[in-house]
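Line by line, the protein sequences give chains A and B. In terms of the working numbering, the first sequence opens at residue 383 and continues consecutively. In terms of the working numbering, the second sequence opens at residue 24 and continues consecutively. Everything on this sheet refers to the single structure shown next.
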Amino acid sequence: GAVVSQHPSRVICKSGTSVKIECRSLDFQATTMFWYRQFPKQSLMLMATSNEGSKATYEQGVEKDKFLINHASLTLSTLTVTSAHPEDSSFYICSARERGVSGNTIYFGEGSWLTVV
Amino acid sequence: AQKVTQAQTEISVVEKEDVTLDCVYETRDTTYYLFWYKQPPSGELVFLIRRNSFDEQNEISGRYSWNFQKSTSSFNFTITASQVVDSAVYFCAIYNTNAGKSTFGDGTTLTVKP
Numbered sequence: 383g384a385v386v387s388q389h390p391s392r393v394i395c396k397s398g399t400s401v402k403i404e405c406r407s408l409d410f411q412a413t414t415m416f417w418y419r420q421f422p423k424q425s426l427m428l429m430a431t432s433n434e435g436s437k438a439t440y441e442q443g444v445e446k447d448k449f450l451i452n453h454a455s456l457t458l459s460t461l462t463v464t465s466a467h468p469e470d471s472s473f474y475i476c477s478a479r480e481r482g483v484s485g486n487t488i489y490f491g492e493g494s495w496l497t498v499v
Numbered sequence: 024a025q026k027v028t029q030a031q032t033e034i035s036v037v038e039k040e041d042v043t044l045d046c047v048y049e050t051r052d053t054t055y056y057l058f059w060y061k062q063p064p065s066g067e068l069v070f071l072i073r074r075n076s077f078d079e080q081n082e083i084s085g086r087y088s089w090n091f092q093k094s095t096s097s098f099n100f101t102i103t104a105s106q107v108v109d110s111a112v113y114f115c116a117i118y119n120t121n122a123g124k125s126t127f128g129d130g131t132t133l134t135v136k137p
């Protein structure tokens, strides 16, 4: 079946640096990808929606200049956390929407743990 | 708008007990997908099941079973003969095909004690 892969699964970075998380659809084309964030002991919250070849749409309260999303191809979206701070430490997960005969279906990646020290 | 309610914040059972995790959803859409995910202490999200809104057949996979009731907008998850390794946070989610967005419940933390 369709699989969405995220890389890296865990990353530690220093405060002030930038870190990139990749989300790939392995055997299907994803016209839309979604990025979520999970705060400790909380549910997953949608950060932004990205459509291939266009700018991402950010949810209210999400800083677009801090969380850069690029969806350059139908199989790859990237989330770059710029000038990371310890409060950016979180679990980030992406999902991808596949267009199928029966309608849209969606698949989630396994997530990426970011720790900013 | 859509919403997923997992009323049970935490559940604790003893190994070999059966346990049911409740999930109630709200949506105006007629076409949607429902999901259950497991998040073990290691942190990654593990896919358990995806159910199309037009398919109300209940499903069983080993010790796991799911009861989808459209009449009550519920998609409950039962673990039979629970094991310590089942200890995790379990998320229920709905994906709205028209809006193209997923909404997660707050999760239920299941602790299975030996």
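For glycine and all other residues, C-beta sits at the position ideal for the given N, C-alpha and C.
According to DSSP, which residues form a beta bridge with residue i?
{"i": "C46 (chain B)", "result": "DSSP, once it has assigned bridges, lists no residue as partnering C46 (chain B)."}
{"i": "A412 (chain A)", "result": "A:E480"}
{"i": "F449 (chain A)", "result": "A:V463"}
{"i": "K124 (chain B)", "result": "B:N119"}
{"i": "R73 (chain B)", "result": "B:F58"}
{"i": "K26 (chain B)", "result": "B:E49"}
{"i": "F100 (chain B)", "result": "B:L44 and B:W89"}
Hey, out of the options, whose CA is closest to residue i's CA?
{"i": "C115 (chain B)", "options": "B:S105, B:F70 and B:I83", "result": "B:F70"}
{"i": "V47 (chain B)", "options": "B:V107, B:E82, B:S94 and B:S35", "result": "B:S94"}
{"i": "S96 (chain B)", "options": "B:Y113, B:A122, B:T54 and B:Y87", "result": "B:T54"}
{"i": "T414 (chain A)", "options": "A:W495, A:V499 and A:A478", "result": "A:A478"}
{"i": "S29 (chain B)", "options": "B:G123, B:Y60 and B:Y87", "result": "Sequence inspection shows Gln at residue 29 (chain B); the Ser mentioned does not correspond to that position. Nearest C-alpha to Q29 (chain B): B:Y60."}
{"i": "E38 (chain B)", "options": "B:D109, B:L57 and B:G66", "result": "B:D109"}
{"i": "T132 (chain B)", "options": "A:M427, A:I475, A:G435 and A:K423", "result": "A:K423"}
Is the distance from the Cβ of residue i to the Cβ of residue j below 8 angstroms?
{"i": "S400 (chain A)", "j": "V463 (chain A)", "result": "yes"}
{"i": "A466 (chain A)", "j": "C395 (chain A)", "result": "yes"}
{"i": "V107 (chain B)", "j": "P137 (chain B)", "result": "yes"}
{"i": "V112 (chain B)", "j": "V36 (chain B)", "result": "no"}
{"i": "Q420 (chain A)", "j": "S472 (chain A)", "result": "yes"}
{"i": "R490 (chain A)", "j": "V385 (chain A)", "result": "Inspection of the sequence shows that residue 490 (chain A) is occupied by Phe rather than by Arg. No; because the gap between Cβ atoms is not below 8 angstroms, this pair is not in contact."}
Is there at least one non-hydrogen atom of the ligand NAP closer than 7 angstroms to the beta-carbon of residue i?
{"i": "A478 (chain A)", "result": "This structure does not include the ligand NAP; it has no bound ligands of any sort."}
Would you grab the beta carbon distance between residue i and residue j for me? Rounded to a whole angstrom, and I think it's under 8 angstroms.
{"i": "L91 (chain B)", "j": "E79 (chain B)", "result": "The residue asked about is misnamed: residue 91 (chain B) is Phe in this sequence, not Leu. Their Cβ separation, rounded to whole angstroms, is 5 angstroms, which keeps F91 (chain B) and E79 (chain B) in contact under 8 angstroms."}
{"i": "L68 (chain B)", "j": "E492 (chain A)", "result": "6 angstroms"}
{"i": "T431 (chain A)", "j": "F416 (chain A)", "result": "5 angstroms"}
Chain B contacts made by the stretch 401-428 of chain A, where a contact means CB separation under 9 angstroms: T414, F416, Y418, Q420, K423, Q424, S425, L426, M427 and L428
Short-range partners of chain B found in the stretch 448-469 of chain A, where Cβ spacing is below 8 angstroms: none
Residues within the stretch 115-126 of chain B neighbouring chain A, beta-carbon criterion of under 7 angstroms: Y118, T120, G123, K124 and S125
Proximal residues, the stretch 38-71 of chain B versus chain A, C-beta separation under 9 angstroms: T54, Y56, F58, Y60, Q62, G66, E67, L68, V69 and F70
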